[in-house]
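Numbering (this note's numbering), first residue to last: 6 to 291.
Have a look at this one:
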C-alpha cells in the first residue's frame, strides 16, 4: 500500500518528537494518548472498537514491518489511523524497548468510568491497590483477561495504566476488558460491595485458606480480588475493608509467590468455581 505521508527519516520531525514525549506520564496525561508497541498491541488497538471507534490514531512503521504485517497496516487504515512510514532509527527513537519490532502506535486513552463498571454488575473483578511495578500491573491485567474477568480497577495509589511497560506486559489485554483508573481503594471496595460483589483481599498472611474456601463452596458468587504491593502486600486498613483476607497455600518449600502468579491462582480459582455448574469451559464436549 502507498504511504499516507513521506517517509520519516529524521528523529527531529515534529511528529516523531510528539510521539516520543508520550513515554513520559505527564505528557500522556496532558494529551490523553499513549504508545502501543509491537504487532500484537497494534493489531489489538486497530481492531478494538469502543463506542464504534478505534483508539489507534497514528501508526509508525518501517517499510519492512509494513510489508511483513500487511494485515495490521490494512486494519489500521480501516480504523482511520494515519500511517507514517519511518526509518528504523526513527522507530528506535520512539520505541521504549531495546529491540523494536518496527511498529509503534499512538492510541487514545480508553479507561472506563468506575460507575460504568458497577452498572454492568460484573461477576469477577481484579482490583490493583498500591501496585507500583508496571510490568506486574500489565501481567495481572493479562491474567484477569485470560480468567474471564469482566473488569480491572487500578486505585489512585497504583501505577499508571498507560506506562509503556504496563502496556507491553498486558500483551493486548488492555484492549479487551474495561479498566477503571485512579479510584480510591475505599470507594472501589464500597462500590463493589454495594452491587453484591464479595471482596477478597489476597495476602500471604490471610486467615482464610484458598483451598478451604473452594472446598466450602463459597467462591461461586460475584467476586472481586484486591491485590497489593509487590514488596509489602496490603496495608492493614485495606485488608480491613475486605469481606475476607485469603492466602494462597504454599504446599512446597517456596518462600512465597510473586504478585502476578498469586493473582493468576486467585482469579482462576474464582473463575473455575463460578463455572462449576456448567463445567469447565475449556473442555470440549463430544
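Just so it is clear, CB atoms sit at the ideal spot from N, CA and C, and this is done for glycine as well.
Based on DSSP bridge pairs, tell me the residues matched to residue i.
i, result
"residue 200", "Residue 200 is not bridged to any residue."
"residue 230", "131, 205"
"residue 65", "89, 109"
"residue 184", "157"
"residue 214", "252"
Note down, in chain order, each residue of its chain lying with its Cβ closer than 6 Å to the Cβ of residue i, except the 5 sequence neighbours on either side.
i, result
"residue 70", "107, 108"
"residue 114", "37"
"residue 30", "165"
"residue 181", "150"
"residue 275", "129, 224, 228"
"residue 20", "none"
"residue 55", "115"
"residue 239", "206, 208, 233"
"residue 123", "196, 200"
"residue 110", "41, 47, 50, 61, 64"
"residue 119", "185, 188"
Helix, strand or coil for residue i per DSSP?
i, result
"residue 114", "coil"
"residue 242", "helix"
"residue 286", "Because the pLDDT at residue 286 is just 43, under 50, the model does not fix this residue reliably, and the value given afterwards should be weighed accordingly. Three-state result, residue 286: coil."
"residue 40", "strand"
"residue 58", "strand"
"residue 84", "coil"
"residue 263", "coil"
"residue 138", "coil"
"residue 126", "coil"
"residue 220", "helix"
"residue 235", "coil"
"residue 103", "coil"
"residue 166", "coil"
"residue 15", "coil"
"residue 273", "helix"
"residue 258", "coil"
"residue 247", "coil"
"residue 225", "coil"
Keeping to the same chain, check which residues put their C-beta closer than 8 Å to that of residue i; ignore five residues upstream and five downstream.
i, result
"residue 291", "Low confidence applies to residue 291: its pLDDT is 32, below 50, so where it sits in the model is not reliable, and the reading given next is rough at best. Nothing listed; no residue qualifies."
"residue 278", "219, 222, 224, 225"
"residue 174", "139, 140, 141, 142, 143, 144, 146, 147"
"residue 263", "141, 235"
So residue i is in the alpha helix (DSSP H); what residue range does that whole segment cover?
i, result
"residue 156", "No alpha helix (DSSP H) holds residue 156; the beta strand (DSSP E) holding it covers 156-160."
"residue 20", "19-25"
"residue 281", "Residue 281 -> no alpha helix (DSSP H), and no H or E assigned at all."
"residue 29", "Note, residue 29: premise wrong, no alpha helix (DSSP H); not H, not E."
"residue 169", "169-175"
If you draw a straight line from the C-alpha of residue i to the C-alpha of residue j, how long is it?
i, j, result
"residue 268", "residue 232", "7 Å"
"residue 33", "residue 261", "35 Å"
"residue 209", "residue 196", "25 Å"
"residue 90", "residue 66", "5 Å"
"residue 82", "residue 58", "12 Å"
"residue 226", "residue 266", "22 Å"
"residue 219", "residue 152", "16 Å"
"residue 243", "residue 190", "7 Å"
"residue 135", "residue 22", "32 Å"
"residue 156", "residue 143", "13 Å"
"residue 237", "residue 62", "39 Å"
"residue 6", "residue 253", "Note that residue 6 scores a pLDDT of 45, beneath 50, so its modelled location is shaky and nothing firm can be said."
"residue 39", "residue 170", "11 Å"
"residue 145", "residue 167", "14 Å"
"residue 76", "residue 48", "9 Å"
"residue 79", "residue 46", "15 Å"
"residue 50", "residue 96", "18 Å"
"residue 193", "residue 85", "35 Å"
"residue 178", "residue 132", "16 Å"
"residue 271", "residue 250", "12 Å"
"residue 247", "residue 112", "35 Å"
"residue 213", "residue 35", "43 Å"
"residue 105", "residue 25", "14 Å"
In chain order, what residues of the same chain have a beta carbon less than 7 Å from the beta carbon of residue i, not counting five sequence neighbours either side?
i, result
"residue 289", "In this predicted model, residue 289 has a pLDDT of only 34, less than 50, meaning its place in the structure is not dependable; the value taken from the coordinates is given anyway. Contacts found: none."
"residue 201", "227"
"residue 17", "none"
Please find out if some non-hydrogen atom of the ligand FAD comes closer than 7 Å to the beta-carbon of residue i.
i, result
"residue 90", "Ligands are entirely absent from the displayed structure, and the ligand FAD is therefore not among its contents."
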